[in-house]
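Novice:
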Amino acid sequence: MTARTRGRTRALAFAVCVVALLAFPALFGRYPVRLLQEILIWAIYAMSLDLLMGYAGMVSFGHSAFFGIGGYVAALALARRPDLVGALLLPGAAGAGAALVLGLFSTRVSGVYFIMLTLAFSQMFHAYAFQASWLGAEDGITGVPRPALGGAPLGDPAFHLYLVAVAALAVIGLWRVVRSPFGHVLVGIHENEVRMEAVGYPVRRYKLLAFVIAGVVAALAGALYAQFSGSITPDAFFWTTSGEALLMVILGGTGTLGGAALGAAAFILLQSLVSTYTERWMLLLGVTFVLFVLFAPGGLVGALRGRVGLRA
Amino acid sequence: MNQVTRRSFLRTTAVGAGAAATGIGTGPWVRRARAQGAPLKIGLVLPYTGVYAELGNSITQAMELVFARENWTVAGRRIEMIKEDDEMKPPVGVRKTEKLIDSDKVDILTGPVHSGILMAMRDKVHSSKTILIVSNAGADAISRERCSRWIFRTSFSNWQPCQPMGTWVAKNVTKEVFQIAPNYQAGKDDMEAFRETFLPAGGKVVGEEYPKLGETDYAPYLTKIKQSGAKAVFAFFSGTDAVNFVRQYSQYGLKEGIKLTGPGFLTEPDVLPAQGAAALGVITGHFYTPLLDNPVNHRFVKEFREKFYGKMPDGFACQGYDTAEVIVRAVKAVNGNTQDKEKLVAAIAAVEFDSPRGRFRFDPKTHNVIQPFIYIREVREIYGGLANVPIDKVADVRDPGTGCTLPA
Amino acid sequence: MPSLPDVLGQALNGLAYGVLLFLLSVGLTLIFGMLDIVNLAHGSFYMLGAYVGLATLAATGNFWLAAIAAPVAVGGVGALVERGLLRPLYRRSPLDQVLLTFGLIYLFEDLVKWVWGGRIRSIPPPAAFSGSVRLGSVTIPSYRLFVIAFGLAVAAGLWLLIERTRLGAVIRAGVYDAEMAAGLGIDTGRVFTAVFAFGAALGGLSGVIAGPIQSAYPSMGVSILIPALIVVVVGGLGSLKGSFAGSLLIGQAETFGKAWFPGVSMVIIYLVMALVVLLRPHGLFGRPLK
Chain A
-13 MTARTRGRTR
-3 ALAFAVCVVA
7 LLAFPALFGR
17 YPVRLLQEIL
27 IWAIYAMSLD
37 LLMGYAGMVS
47 FGHSAFFGIG
57 GYVAALALAR
67 RPDLVGALLL
77 PGAAGAGAAL
87 VLGLFSTRVS
97 GVYFIMLTLA
107 FSQMFHAYAF
117 QASWLGAEDG
127 ITGVPRPALG
137 GAPLGDPAFH
147 LYLVAVAALA
157 VIGLWRVVRS
167 PFGHVLVGIH
177 ENEVRMEAVG
187 YPVRRYKLLA
197 FVIAGVVAAL
207 AGALYAQFSG
217 SITPDAFFWT
227 TSGEALLMVI
237 LGGTGTLGGA
247 ALGAAAFILL
257 QSLVSTYTER
267 WMLLLGVTFV
277 LFVLFAPGGL
287 VGALRGRVGL
297 RA
Chain B
56 MNQVTRRSFL
66 RTTAVGAGAA
76 ATGIGTGPWV
86 RRARAQGAPL
96 KIGLVLPYTG
106 VYAELGNSIT
116 QAMELVFARE
126 NWTVAGRRIE
136 MIKEDDEMKP
146 PVGVRKTEKL
156 IDSDKVDILT
166 GPVHSGILMA
176 MRDKVHSSKT
186 ILIVSNAGAD
196 AISRERCSRW
206 IFRTSFSNWQ
216 PCQPMGTWVA
226 KNVTKEVFQI
236 APNYQAGKDD
246 MEAFRETFLP
256 AGGKVVGEEY
266 PKLGETDYAP
276 YLTKIKQSGA
286 KAVFAFFSGT
296 DAVNFVRQYS
306 QYGLKEGIKL
316 TGPGFLTEPD
326 VLPAQGAAAL
336 GVITGHFYTP
346 LLDNPVNHRF
356 VKEFREKFYG
366 KMPDGFACQG
376 YDTAEVIVRA
386 VKAVNGNTQD
396 KEKLVAAIAA
406 VEFDSPRGRF
416 RFDPKTHNVI
426 QPFIYIREVR
436 EIYGGLANVP
446 IDKVADVRDP
456 GTGCTLPA
Chain C
20 MPSLPDVLGQ
30 ALNGLAYGVL
40 LFLLSVGLTL
50 IFGMLDIVNL
60 AHGSFYMLGA
70 YVGLATLAAT
80 GNFWLAAIAA
90 PVAVGGVGAL
100 VERGLLRPLY
110 RRSPLDQVLL
120 TFGLIYLFED
130 LVKWVWGGRI
140 RSIPPPAAFS
150 GSVRLGSVTI
160 PSYRLFVIAF
170 GLAVAAGLWL
180 LIERTRLGAV
190 IRAGVYDAEM
200 AAGLGIDTGR
210 VFTAVFAFGA
220 ALGGLSGVIA
230 GPIQSAYPSM
240 GVSILIPALI
250 VVVVGGLGSL
260 KGSFAGSLLI
270 GQAETFGKAW
280 FPGVSMVIIY
290 LVMALVVLLR
300 PHGLFGRPLK
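Chains as they are written, first to last, in the numbering used here: chain A, -13 to 298; chain B, 56 to 463; chain C, 20 to 309.
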């Protein structure tokens, strides 16, 4: 298969997916649709983390900071500007700003220290949001409206279209970033940072940019979540939210954007459906995860491609 | 990559999944009974895993007790309980709520334990006109500015056990109290409720501290309490925090000289066994204790212990009992017609019966339960075990319902 | 203005808490220092230690037996984890090892819940230390004094073991240059398993020792993980001295933070850690990552 036909097949597959997502509500009831929408939102979040982790090689345990910022800014902004500005623009901008500031500090270190520093930042946000009464303290902000495009707040079908559209744009955007020269440099930095420095790339600046892009997309996911569930709580900032995204990326397959989406679906389905039938779903999750790390390091995507086994 | 490793992966996963699956479901998750008519679906959003699973189980068990007594039928319809684990997490709680409302189409929703989940599900419940009977979460807001004609509460509002204690402590213990609660809104509201009656009774708050939720080491706060010269402490803690605080309070020798008081969650049966002798002498205010001396409670305790292998019911079980009673009586009153929501709401609001806690009725102003009594209890050792022994009581405690405007 | 007895009282609290943190974090830092693995499941070892202690106590009524059974059992679990799950990953990136230990957190927590149930259990202190002691105007439970003494003894013992014994030298050699050590006839595989098991055992020991103060519940592993990681980073990953200094520092910072700066007490340890990572990344006594 030439690169061209591969590209065309991919585009076709993507188009088919989008159509299927749009058609979903016509075939299924409200609850499955809501589950799908939640999966889409988490998929966006997980993909942004995959950009950071899988491509740039920066493992962050503080990615929830941007998810939370996006959610809270959306919740606050939509009260005054119930339109796309409040729903997406402001949260995205806030995410960018926060990622810039946090990134300036975090990119000074790497490896385990990067993990710990990003973790510290998101925990600080959590502590603040938990105690700040103007942010609703531990109960967070409720009554978050959906954006109103042309008069009234989006009804169910319109909201679904809106979500799918934003998700598709996020995927396309991230895909373009990953395939661009910038994306290739990131992968190079991941593989051998010293070499890239020696060749003359301003490594820190690249890492910072990757951090900011990932932060913006994560903030958008958080904003969408607030609009989807009608509320946002300090839990969004807690490190376990980052941990869950990490699990999704690993389950799906690091370094493959589609994998993150698959992982998000797998995790949410596990959490919702399996927990209806057994109390031991956490054990199942832990065991599955360990097995994946050992035998299927390429995640679900890797397994589908046949990359399975201890020496993979 | 070769075939051998792929096969071995699949095999290992299958074995792994099988091993995990042997742990699947201890006990039925959906109850059915033999009767005619469209089933009456009762949804439960409760924690069934985690530290608070104790509460979820207590509430559920008491509901099962009542429904079993009715042979799982009411007004010709069989009762179907659909339980969903909310894991004490708002996103999961909201998801499960939506499942119960949209997918299972429950007639009546009950739960949750966590106030955060309650606040997050409130709008969905209100806009979908689903009847929710809150069987635990005590967020005051649900009986105040966030009240809804579709939402009733059989458990308590956080304010109820705290406010009457102000007067009682000022009169019977001391007028110099140190307040301590975890650093979140519910904790602060509880302390506020106490001061409502404590200060006018001549009381003085000599210190206030708000340690973080989930604090494991209270030593710095205990030292401060000692140094403040307080004669008593009013403390709100629940779950693990209650265990650690009460035990450390005793270990630091504060119990001799500084009386420990608080709302009932400080020493409820979910934490009392772990607290052990450290809890002796602690005074708490609550709407229930299994030692209440009335015929309904005697019967409740006896039947609960018979059905659940000697387990003693607690306040949470009482909440579950009352929730199930309300459901049974209201559905009977409308002859099983749960489609007419207005009539069902009116029937629920009108329910009145003898509960283990006393005469049960809802406050029409807030749809919150009117506590027939808040009992002042002391932890004592009786029959070789620890229990909350009632030593006094305050009658007719109603939440003020500030800001709640329900249609009459 | 706080008085001297107030300050001393709080400082004593801080010392007790700091020593507990040390017991918690020393296993984690040793495993990193020796094997370059950030064991996120360290909290799980802590939790397992508490529960094994609980079970032993229930069976024998003897706290000291529990205090021995816990590290032994958890050390065994650690050995199994290292040989069975981590060893296959040594060829792969360190990230995979970290991620595997992350997955173990979920596994162990649910396992414990399955066997022991979800409710909180208390571990009573041994009869010898169940009272309290008055030091001037300060009352402190005698068990906390025991913890201070015990922790200091463990610190001294570990230092002696690693710096002054042949076993320590073997371990240090194996870690510094595995190939060379193997060439000299040292079985590096067994050394690694032993070190990991030892680190796990220390985690388990800290769990049972902390039990009478902090009780036992299934999510205790997750809640202790962050403070342990913070102590280790502040002190310097892999440094015993660093773990000791870091935990005492954090112990005092937390305690005085709670007593005097309640508004920020939730974030104090994160602030301290962020500052250390930014200004002195290898912590107080650590060495740069390889």
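C-beta atoms are modelled at their ideal positions from N, C-alpha and C, and glycine is treated no differently.
So is Thr300 (chain C) in contact with chain A if we call contact Cβ pairs under 8 Å?
Specialist: Along the third sequence, one-based indexing puts residue 300 (chain C) at 281. It should be noted that the sequence gives Pro, not Thr, for residue 300 (chain C). Interface residue, yes.
Novice: Quick one: which chain B residues come within Cβ less than 9 Å of Asp25 (chain C)?
Specialist: Within the third sequence, the letter at position 6 stands for residue 25 (chain C). Correct list: Thr278, Lys279 and Gln282.
Novice: Measure the Cβ-Cβ separation of Val291 (chain C) and Ala272 (chain C) and say whether it is below 8 Å.
Specialist: In the third sequence, counting from the first residue as 1, residue 291 (chain C) sits at position 272. In the third sequence, counting from the first residue as 1, residue 272 (chain C) sits at position 253. Cβ distance < 8 Å, so Val291 (chain C) and Ala272 (chain C) count as in contact.
Novice: Assuming the contact rule is C-beta atoms closer than 8 Å, Phe64 (chain C) and Gly223 (chain C) should be a hit. Round their C-beta distance to whole Å, please.
Specialist: The sequence position of residue 64 (chain C) within the third sequence is 45, counting from 1. The sequence position of residue 223 (chain C) within the third sequence is 204, counting from 1. Yes, they are in contact, since the Cβ atoms of Phe64 (chain C) and Gly223 (chain C) sit about 5 Å apart, within 8 Å.
Novice: Determine which residues of the segment 242 to 258 of chain C have a Cβ less than 7 Å from any Cβ of chain B, and write them out in chain order.
Specialist: Hits within the stretch, in order: Ser242.
Novice: Going along chain A, which residues have a C-beta under 8 Å from Gln240 (chain B)?
Specialist: Against the second sequence, residue 240 (chain B) aligns to sequence position 185. In chain order: Ser119, Ala123, Glu124 and Asp125.
Novice: Which of the residues in the segment 110 to 132 of chain C, read from start to end, lie with their CB under 9 Å from any CB of chain B?
Specialist: Answer set for the segment 110 to 132 of chain C: Asp129 and Lys132.
Novice: Which first and last residues belong to the alpha helix (DSSP H) in which Arg414 (chain B) is found?
Specialist: The residue labelled residue 414 (chain B) in the question sits at position 359 within the second sequence. No alpha helix (DSSP H) holds Arg414 (chain B); the beta strand (DSSP E) holding it covers Gly413 to Phe417.
Novice: Rounded to a whole number of angstroms, what is the C-alpha to C-alpha distance between Glu251 (chain B) and Cys217 (chain B)?
Specialist: To locate residue 251 (chain B), count along the second sequence from 1; it is residue 196. To locate residue 217 (chain B), count along the second sequence from 1; it is residue 162. When rounded, the distance between both Cα atoms is 9 Å.
Novice: With a cut-off of 8 Å, do at least 3 Cβ pairs link the segment 145 to 156 of chain A to the segment 222 to 236 of chain A?
Specialist: In short, these stretches do not touch, since the Cβ pair count stays below three.
Novice: Would Tyr65 (chain C) pass as an interface residue toward chain B - the criterion being a Cβ-Cβ separation below 8 Å?
Specialist: Here residue 65 (chain C) refers to the residue found at position 46 when the third sequence is read from its first residue. No, its Cβ sits nowhere closer than 8 Å to a Cβ of chain B.
Novice: Under the three-state reduction of DSSP, which class applies to Ala39 (chain C): helix, strand or coil?
Specialist: As a first step, residue 39 (chain C) must be located in the third sequence, where it is residue number 20. Here the sequence assigns Leu to residue 39 (chain C), which means Ala is not the residue at that position. If DSSP states are grouped into helix, strand and coil, Leu39 (chain C) belongs with the helices.
Novice: Kindly indicate the opening and closing residues of the beta strand (DSSP E) around His341 (chain B).
Specialist: Position 286 of the second sequence, counting from 1, holds the residue named residue 341 (chain B). Ile338 to His341 is the span of the beta strand (DSSP E), which, as asked, contains His341 (chain B).
Novice: Determine the direct distance from the alpha carbon of Ser258 (chain A) to that of Glu265 (chain A), and round the result to whole angstroms.
Specialist: Start at 1 with the first residue of the first sequence, and residue 265 (chain A) comes out as number 279. Start at 1 with the first residue of the first sequence, and residue 258 (chain A) comes out as number 272. Whole-angstrom Cα-Cα distance: 11 Å.
Novice: Answer with buried or exposed for His170 (chain A), where buried requires no fewer than 16 other C-beta atoms within 10 angstroms of its C-beta.
Specialist: Mapped onto the first sequence, residue 170 (chain A) falls at position 184. The residue is exposed, with fewer than 16 neighbouring Cβ atoms inside 10 Å.
Novice: When DSSP labels each residue in this structure, what does Pro83 (chain B) get in the three-state scheme?
Specialist: In the second sequence, counting from the first residue as 1, residue 83 (chain B) sits at position 28. Its pLDDT being 36, under 50, Pro83 (chain B) is placed unreliably by the model, and nothing is read from it.
Novice: Residues of chain C with CB closer than 7 Å to the CB of Thr115 (chain B), please, in chain order.
Specialist: By 1-based counting over the second sequence, the position of residue 115 (chain B) is 60. Within chain C, no residue comes near Thr115 (chain B); the closest Cβ sits about 14 Å away, beyond 7 Å.
Novice: Go through the segment 300 to 351 of chain B residue by residue and report every complete run of the beta strand (DSSP E) that reaches 3 residues or more, in order.
Specialist: For the segment 300 to 351 of chain B, whole beta strand (DSSP E) runs of length 3 or above, ordered along the chain, are 314 to 318 and 338 to 341.
Novice: What three-state label does DSSP hand Asp141 (chain B) in the structure shown?
Specialist: Position 86 of the second sequence holds residue 141 (chain B). Here Asp141 (chain B) sits in coil by DSSP.
Novice: Touch check for the segment 244 to 252 of chain C and the segment 107 to 118 of chain C: three-plus C-beta pairs under 8 Å?
Specialist: Output reads no: the segment 107 to 118 of chain C does not touch the segment 244 to 252 of chain C.
Novice: Helix, strand or coil for Gly216 (chain A), going by three-state DSSP, please let me know.
Specialist: As a position in the first sequence, residue 216 (chain A) is number 230, starting the count at 1. Coil, per DSSP.
Novice: Give me the Cα-Cα distance between Leu254 (chain B) and Val232 (chain B), rounded to the nearest whole angstrom.
Specialist: For the purposes of this step, residue 254 (chain B) is taken as the residue at position 199 of the second sequence. For the purposes of this step, residue 232 (chain B) is taken as the residue at position 177 of the second sequence. Taking the straight line joining both Cα atoms gives about 10 Å.
Novice: Under 8 Å Cβ-Cβ, which residues of chain C neighbour Phe91 (chain A)?
Specialist: As a working note, residue 91 (chain A) is residue 105 in the first sequence. In chain order: Ala293 and Leu297.
Novice: Under DSSP, the alpha helix (DSSP H) around Thr(-5) (chain A) begins and ends at which residues?
Specialist: Taking the first sequence and counting its residues from 1, the one referred to as residue -5 (chain A) is at position 9. Residues Ala(-11) to Leu13.
Novice: In terms of residues, what are the limits of the alpha helix (DSSP H) holding Leu271 (chain A)?
Specialist: Taking the first residue of the first sequence as 1, we reach residue 271 (chain A) at position 285. Counting along the chain, the alpha helix (DSSP H) containing Leu271 (chain A) begins and ends at Trp267 to Phe281.
Novice: Would a check of beta-carbon distances place Gly166 (chain B) closer than 8 Å to chain A?
Specialist: Counting from 1 along the second sequence, the entry for residue 166 (chain B) is found at position 111. It does not; no Cβ of chain A falls within 8 Å.
Novice: Does chain A have any CB closer than 8 Å to the CB of Val45 (chain C)?
Specialist: Within the third sequence, residue 45 (chain C) is the residue found at index 26, counting from 1. It does not; no Cβ of chain A falls within 8 Å.
Novice: Check the Cβ of Gly48 (chain A) against every Cβ in chain C and list those closer than 9 Å, keeping chain order.
Specialist: Working through the first sequence from its first residue, we reach residue 48 (chain A) at position 62. None at all; the shortest Cβ gap to chain C is about 10 Å.
Novice: DSSP three-state call for Ala287 (chain B): helix, strand or coil?
Specialist: Taking the second sequence and counting its residues from 1, the one referred to as residue 287 (chain B) is at position 232. Strand.
Novice: Could you pull the start and end residues of the alpha helix (DSSP H) that Phe53 (chain A) belongs to?
Specialist: Residue numbering aside, residue 53 (chain A) sits at position 67 when the first sequence is read from its first letter. Unbroken alpha helix (DSSP H) run through Phe53 (chain A): Ser50 to Arg66.
Novice: Going by CA-CA distance only, name the one from A:Gln109, A:Trp161 and A:Leu140 that's closest to Gly54 (chain A).
Specialist: Here residue 54 (chain A) refers to the residue found at position 68 of the first sequence. Nearest option by C-alpha distance: A:Gln109.
Novice: Leaving aside the five residues before and after Leu105 (chain A) along the sequence, list all residues of the same chain whose C-beta is less than 7 Å from its C-beta, in chain order.
Specialist: Residue numbering aside, residue 105 (chain A) sits at position 119 when the first sequence is read from its first letter. Taken in chain order, the residues that qualify are Phe47, Gly48 and Trp225.
Novice: For Ile97 (chain B) and Arg133 (chain B), I'd like the C-alpha separation in whole angstroms.
Specialist: Taking the second sequence and counting its residues from 1, one reaches residue 97 (chain B) at position 42. Taking the second sequence and counting its residues from 1, one reaches residue 133 (chain B) at position 78. If you take the alpha carbons of Ile97 (chain B) and Arg133 (chain B), they lie about 11 Å apart.
Novice: For Thr316 (chain B), which option in B:Val301, B:Pro324 and B:Lys259 has the closest C-alpha, if you only look at C-alpha atoms?
Specialist: The residue you call residue 316 (chain B) lines up with position 261 of the second sequence. Nearest option by C-alpha distance: B:Val301.
Novice: Quick check on Thr104 (chain B) - is its C-beta less than 8 Å from some C-beta in chain A?
Specialist: For the purposes of this step, residue 104 (chain B) is identified with residue 49 of the second sequence, where counting begins at 1. So yes, Thr104 (chain B) belongs to the interface.
Novice: Measuring alpha carbon to alpha carbon, tell me which of A:Ala80, A:Gly83, A:Leu103 and A:Ala82 ends up nearest Phe91 (chain A).
Specialist: Looking up residue 91 (chain A) in the first sequence gives position 105. Among A:Ala80, A:Gly83, A:Leu103 and A:Ala82, the Cα nearest to that of Phe91 (chain A) belongs to A:Leu103.
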